[in-house]
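These protein sequence lines are chains A and B, in that order. Each step along the first sequence adds one to the number in this note's numbering, with nothing skipped, and position 3 is 12. Each step along the second sequence adds one to the number in this note's numbering, with nothing skipped, and position 23 is 63. Glycine included, each C-beta is placed from N, C-alpha and C at the ideal position. Worksheet: one structure, shown below.
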Amino acid sequence: MDSVSVTQAEVSAAAEDCEGNTDSFEKVTSKRSHKRKRDAAEVDMRPEESAAAAKRPQFPALSGAQLTGGSVEMRRVPVPAHRYTPLKENWMKIFTPIVEHLQLQVRFNLQTRNVEIKTCRETSDIGALTRAADFVKAFVLGFQVEDALALIRLDELFLETFDVTDVKPLKGDHLSRAIGRIAGKGGKTKFTIENVTKTRIVLADTKVHILGSFQNIKMARTAICNLILGSPPSKVYGNIRAVASRAAERF
Amino acid sequence: MASGDGSTLESCLQLLNSDTAHPELFLSVQDALARDFKSLTKTLYDLHKAHEPADCKGSPLEQLVIENFDEEQIWQELELQNDALLTHFEQAVEQAVTDDTITFFKDTEEEEEEEEEEEDVDNSEIANSLEEESAEEDDDDKDKEEEFKQRLKPSASNEDDDFSGEDSDLDFDVDKFEEKNKQKQSAAKLSKSRSHRTQSEVDDRFFKLSEMEAFLDDMDRREGNESLEGDIDYFQNLPSDDDEELSFDKPVALTKQKKKKSSRDMKYKDFFASVDAEPEKMDPESNDDYEGEDDDNELEEEEEEEDEDDMNEEDFDMNEDDTARNALRKVTFDLPDDDDNDSEGEDVEDILGGKAKNMPKPESKSSFEKRQEKMAQKIEELETAALSEKPWQLTGEVSAQTRPENSMLEEDIAFDQASRMAPAITEETTLQLEDIIKQRIKDQVWDDVVRKEKPKEEVFEYKKRLTLDHEKSKLSLAEVYEQEYIKQTQEKKEEEENPAHVEIQKLMDTLFLKLDALSNFHFTPKPHIPEVKVVSNLPSITMEEVAPVNASDATLLAPEEIKEKNKAGDILGDTEKTTTDKKRERRKKKKLKRLKIQEREKRQKVKEVMKGGGDKTKKSKAEVEQALKKLTKGGKAKILTNDGMDKALRSSQAFFSQLQDRVKSQIKGSKDQTAKKKKKQKEISVSKLKL
Numbered sequence: 010m011d012s013v014s015v016t017q018a019e020v021s022a023a024a025e026d027c028e029g030n031t032d033s034f035e036k037v038t039s040k041r042s043h044k045r046k047r048d049a050a051e052v053d054m055r056p057e058e059s060a061a062a063a064k065r066p067q068f069p070a071l072s073g074a075q076l077t078g079g080s081v082e083m084r085r086v087p088v089p090a091h092r093y094t095p096l097k098e099n100w101m102k103i104f105t106p107i108v109e110h111l112q113l114q115v116r117f118n119l120q121t122r123n124v125e126i127k128t129c130r131e132t133s134d135i136g137a138l139t140r141a142a143d144f145v146k147a148f149v150l151g152f153q154v155e156d157a158l159a160l161i162r163l164d165e166l167f168l169e170t171f172d173v174t175d176v177k178p179l180k181g182d183h184l185s186r187a188i189g190r191i192a193g194k195g196g197k198t199k200f201t202i203e204n205v206t207k208t209r210i211v212l213a214d215t216k217v218h219i220l221g222s223f224q225n226i227k228m229a230r231t232a233i234c235n236l237i238l239g240s241p242p243s244k245v246y247g248n249i250r251a252v253a254s255r256a257a258e259r260f
Numbered sequence: 041m042a043s044g045d046g047s048t049l050e051s052c053l054q055l056l057n058s059d060t061a062h063p064e065l066f067l068s069v070q071d072a073l074a075r076d077f078k079s080l081t082k083t084l085y086d087l088h089k090a091h092e093p094a095d096c097k098g099s100p101l102e103q104l105v106i107e108n109f110d111e112e113q114i115w116q117e118l119e120l121q122n123d124a125l126l127t128h129f130e131q132a133v134e135q136a137v138t139d140d141t142i143t144f145f146k147d148t149e150e151e152e153e154e155e156e157e158e159e160d161v162d163n164s165e166i167a168n169s170l171e172e173e174s175a176e177e178d179d180d181d182k183d184k185e186e187e188f189k190q191r192l193k194p195s196a197s198n199e200d201d202d203f204s205g206e207d208s209d210l211d212f213d214v215d216k217f218e219e220k221n222k223q224k225q226s227a228a229k230l231s232k233s234r235s236h237r238t239q240s241e242v243d244d245r246f247f248k249l250s251e252m253e254a255f256l257d258d259m260d261r262r263e264g265n266e267s268l269e270g271d272i273d274y275f276q277n278l279p280s281d282d283d284e285e286l287s288f289d290k291p292v293a294l295t296k297q298k299k300k301k302s303s304r305d306m307k308y309k310d311f312f313a314s315v316d317a318e319p320e321k322m323d324p325e326s327n328d329d330y331e332g333e334d335d336d337n338e339l340e341e342e343e344e345e346e347d348e349d350d351m352n353e354e355d356f357d358m359n360e361d362d363t364a365r366n367a368l369r370k371v372t373f374d375l376p377d378d379d380d381n382d383s384e385g386e387d388v389e390d391i392l393g394g395k396a397k398n399m400p401k402p403e404s405k406s407s408f409e410k411r412q413e414k415m416a417q418k419i420e421e422l423e424t425a426a427l428s429e430k431p432w433q434l435t436g437e438v439s440a441q442t443r444p445e446n447s448m449l450e451e452d453i454a455f456d457q458a459s460r461m462a463p464a465i466t467e468e469t470t471l472q473l474e475d476i477i478k479q480r481i482k483d484q485v486w487d488d489v490v491r492k493e494k495p496k497e498e499v500f501e502y503k504k505r506l507t508l509d510h511e512k513s514k515l516s517l518a519e520v521y522e523q524e525y526i527k528q529t530q531e532k533k534e535e536e537e538n539p540a541h542v543e544i545q546k547l548m549d550t551l552f553l554k555l556d557a558l559s560n561f562h563f564t565p566k567p568h569i570p571e572v573k574v575v576s577n578l579p580s581i582t583m584e585e586v587a588p589v590n591a592s593d594a595t596l597l598a599p600e601e602i603k604e605k606n607k608a609g610d611i612l613g614d615t616e617k618t619t620t621d622k623k624r625e626r627r628k629k630k631k632l633k634r635l636k637i638q639e640r641e642k643r644q645k646v647k648e649v650m651k652g653g654g655d656k657t658k659k660s661k662a663e664v665e666q667a668l669k670k671l672t673k674g675g676k677a678k679i680l681t682n683d684g685m686d687k688a689l690r691s692s693q694a695f696f697s698q699l700q701d702r703v704k705s706q707i708k709g710s711k712d713q714t715a716k717k718k719k720k721q722k723e724i725s726v727s728k729l730k731l
């Protein structure tokens, strides 16, 4: 099975061929609905292999419309009030990659205050919808557009949210102090963790959102939990540094 | 004629004997004797000349002229005669040697005498032949002695002026004759005493080392003498096998020995004795009988052998065989006791066939019987072996106690080794090793041990590696991951830097650094390599800047580097301290003090324990003082001192008198001034009274 990793180049290539020639793209991208058909194809292929291995059946990539069977899928992302203005400001930056690279249709429903994303005939990748929704959601949570854009470009990025009180039941001042510890003076600590673990952190009151790859999210989460539990930032720095260097060495 | 000659000769002999009876006379010149000798020579010469056969021509002188002739002249006359006859005699000798009809016998001395007399004495050939004949029998020394004797005699006589040629002739003649006899006798003796010659270790019945040596020497000599003798007849019929003699020199070889056979006619019995014969004793008489034969044999053998190494032994074997042949003609096997009926011996006898006459059998057995006997013998042996105790090798597990001492050394044992054997060091392995070493040395490829150093990582360095960036990162997350991805994928192709480029870069760096130093705006100093450097706390401007543009009061060392900062933080003055600070300080002070005191007490206790043997009640002065101090400190106790007291109070009388006076004064006072002085009454304190 081909692994799906969309890089900028691929995305751009896909964008060029948005209009029609899906035939040139002879790769099977979507994993989900293809499974049964592919298994069948494999079964078909095996007896054929014995006959002539060179003659492999070539299936053109299915478009999103074909996959869904003609129906249109939609996602809705609610936008809170405090993110309304930033959304307005960054709308073009949000809009462009979704439409151009992912071949989706997007709009902001003013009444419901939702960002709606929809597939269309041109959509080649069925997974694009999820990614676009995640992207918008990340932005809505508070991340920067450029950081959230990584969600579209890279497949392995995830978003994690947890509450400060989940780690330790804090109340009042302690809670504030904990949040203060996480943030650090001028956001120093948060930035440090972000830089070392290659993640993006959003502190929204008592909620902590982390964006990054799985391992990195874990590292950042550990660091933040330590901070919540009361260890001084210097200690946390040391720990994350050690962990990060080990992780870097490994890869 | 002969009798006349004989009588003449006898008379000559008599005369000679009488003249030489007193050899001491010859110390001085004897003219009379000289004249006698001269006349003797003449007589003999005339005699000889008369009997000279017609075919051989000597000198034209019929008679020896001695009147008024010098010795020299007489000699020359004789020489004339001798030279003429030399060639004749040579031929005669050759003929005689090659003549088959002539045989030399030791006993027939008359024959030899005649032969001798025919061939005149002066022939060296005869001497040679005699040598040859006797070479086999004589030792080298003896041979040489005789040779020398023969040669010396004429030379001696030549040298001596007193002796004339006649003398020499006579002497030669007689001496020759005597020697010949001697030789014969000695040869006989030697042949008798063959076994008494120098024995060597390798000698046995067939081989005598001394004989071999004698033979070899003779061959060497012969080679020297006869090196010119040429053609070898390769195709002549050999008298015997390869093992036997080969005749290289045809004229010399005597192949017509009646006992000699051609190689084809040789039979077993010629080589090997019958089994029963005892070959130990060699009959000297029989040896003598066959000596003439032996001589011929030896002649042949000596002359024919050229290569010595392989043939010698065989030669000697053959010689031995030849010599022994006539006497014994047997080679016997080293048989065990005849009683044993050894199969080998029996087999040999069977092979020999009829020759095995001397086996101790009561009656001759048929072959079947013999086989049966053998079988029975074998069976018996096997049975005894089976019934008897087994040797320790076959008794299973053997320990050192059960087997004889050092018996394992003689055993060939095969066993498996589980571990790898150490490499057997042979010469080849050593040489190989040395070759490797030499090659390594040439290539300068050493196996030096590289010192391993633990990579000590400073915490500082470690921290520097992962710089903590406390600021918001400039790159977005996407870009960060992008960079990582690119790094991962492009890790493989690491650009190989052109060495020229590297050099260029280096040069450029140095150049730009210098340029930057001159233009201050963009000057960044090179990164500081941490090393121990002594920094003096001078104004920084003098150290750092190359071209001082402005003055600066910045110093090189930070204040923290001058004096270490306190853990607590800033130093506070007295007014700046808060209550908590003060209290903290106090507490600290007290704690320190307490620790000090405790330590001191501990030390004191230790000291007391050390001195614990002495009187405990006795206290040192210091201790006493200490105790007093302690007591009076609290105000609880007071020390009575002598203050205000007179010295007179020392004695009791003085004290009481003083007391009396005081009381009196008091009473007086009370009487006079009761009201006034009541208040002023001094209290009679205990301290004052010093009770």
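| Query | Result |
| --- | --- |
| For a contact meaning CB atoms closer than 8 Å, what does GLU155 of chain A contact in chain B? | SER516, LEU517, ALA518 and GLU519 |
| Mark ASP134 of chain A as exposed unless 16 or more other C-beta atoms lie within 10 angstroms of its C-beta, in which case mark it buried. | buried |
| By DSSP's criteria, PRO87 of chain A is part of a beta bridge. Which residues make up the other side? | A:ASN123 |
| Counting pairs of Cβ atoms below 8 Å between the region 77–86 of chain A and the region 119–132 of chain A, do you hit three or more? | yes |
| Helix or strand or just coil, what does DSSP make of ASP379 of chain B? | Because the pLDDT at ASP379 of chain B is just 48, under 50, the model does not fix this residue reliably, and the value given afterwards should be weighed accordingly. Here ASP379 of chain B sits in helix by DSSP. |
| At a CB distance below 9 Å, what residues from the region 202–215 of chain A approach chain B? Give them in sequence order. | GLU203, ASN204, VAL205, LYS207, THR208 and ARG209 |
| Under 8 Å, with one C-beta from each stretch per pair, do the region 70–85 of chain B and the region 98–105 of chain B reach the 3-pair mark? | yes |
| With a Cβ-Cβ cutoff of 9 Å, do ILE219 of chain A and ILE226 of chain A count as a contact? | yes |
| In the DSSP assignment, the beta strand (DSSP E) including SER222 of chain A goes from what residue to what residue? | 216–222 |
| GLU222 of chain A: buried (16+ other C-beta within 10 angstroms of its C-beta) or exposed? | Here residue 222 of chain A turns out to be Ser, not Glu, going by the sequence shown. So SER222 of chain A counts as buried. |
| Taking all protein chains shown into account, do 16 or more other C-beta atoms lie within 10 angstroms of the C-beta of ASP182 of chain A, making it buried, or fewer, making it exposed? | exposed |
| At what residues does the alpha helix (DSSP H) containing THR170 of chain A begin and finish? | Not the alpha helix (DSSP H): THR170 of chain A falls in the beta strand (DSSP E), residues 166–172. |
| What residue does the alpha helix (DSSP H) around VAL520 of chain B start on, and which one ends it? | 517–529 |
| Do VAL211 of chain A and VAL205 of chain A have their C-beta atoms within less than 9 Å of each other? | no |
| Rounded to whole angstroms, what is the Cα-Cα separation between GLN479 of chain B and PRO463 of chain B? | 22 Å |
| For a contact meaning CB atoms closer than 7 Å, what does ARG162 of chain A contact in chain B? | ALA518 |
| Under 9 Å, Cβ to Cβ, is there at least one residue of chain A near LEU471 of chain B? | no |
| Would you identify the three-state DSSP class for LEU212 of chain A, choosing helix, strand or coil? | strand |
| When DSSP builds the beta bridges, which residues end up paired with PHE109 of chain B? | For PHE109 of chain B, which the question treats as bridged, DSSP gives no partner whatsoever. |
| What span of residues does the alpha helix (DSSP H) with VAL115 of chain A cover, start to end? | Here VAL115 of chain A belongs to no alpha helix (DSSP H); instead the beta strand (DSSP E) covers 113–118. |
| What first and last residue would you give for the alpha helix (DSSP H) that runs through MET101 of chain A? | 100–105 |
| Using a beta-carbon distance cut-off of less than 7 Å, what residues from the region 228–250 of chain A approach chain B? | TYR246 and ARG250 |
| Which word fits ASP258 of chain B, buried or exposed, when buried means at least 16 other C-beta atoms lie within 10 angstroms of its C-beta? | buried |
| For ASN30 of chain A, would you say it is in contact with chain B, using Cβ-to-Cβ distances shorter than 9 Å as the test? | Bear in mind that a pLDDT of 49 at ASN30 of chain A, under 50, signals an unreliable position, so the number given afterwards is only what the model happens to contain. Judged by the 9 Å Cβ criterion, ASN30 of chain A is not in contact with chain B. |
| Tell me, to the nearest whole angstrom, how far the beta carbon of ARG92 of chain A is from that of VAL149 of chain A; I am working on the premise that it is less than 8 Å. | 5 Å |
| For LEU220 of chain A, which residues in chain B fall below 7 Å Cβ to Cβ? | LEU517 |
| For GLU50 of chain B, which residues of its own chain have a beta-carbon under 6 Å away from its beta-carbon, when the five flanking residues on both sides are left out? | none |
| Assess contact between the region 182–202 of chain A and the region 542–549 of chain B, defined as three or more Cβ pairs (one per stretch) separated by less than 8 Å. Is contact present? | no |
| Rounded to the nearest angstrom, how far is the Cβ of ASP143 of chain A from that of LEU160 of chain A, given a contact under 8 Å? | 5 Å |
| Please report the distance separating the alpha-carbon of LYS642 of chain B from that of LYS636 of chain B. | 10 Å |
| Report buried or exposed for ARG460 of chain B, applying the criterion of at least 16 other Cβ atoms within 10 angstroms of its Cβ. | exposed |
| Using a cut-off of 9 Å between C-beta atoms, extract the partners of GLY189 of chain A located in chain B. | Near GLY189 of chain A there are no residues of chain B at all, since even the closest Cβ is about 16 Å away, more than 9 Å. |
| Measure the alpha-carbon distance for ASP310 of chain B versus LYS248 of chain B and round it to whole angstroms. | 20 Å |
| Alpha carbon to alpha carbon, how far is THR94 of chain A from THR231 of chain A? Give it in angstroms, no decimals. | 33 Å |
| Quick one: Cα of SER691 of chain B to Cα of GLY674 of chain B, how far? | 34 Å |
| List the whole-angstrom C-beta distance separating ASP59 of chain B from ASP76 of chain B, where the pair is believed to meet the contact cut-off of C-beta under 8 Å. | 6 Å |
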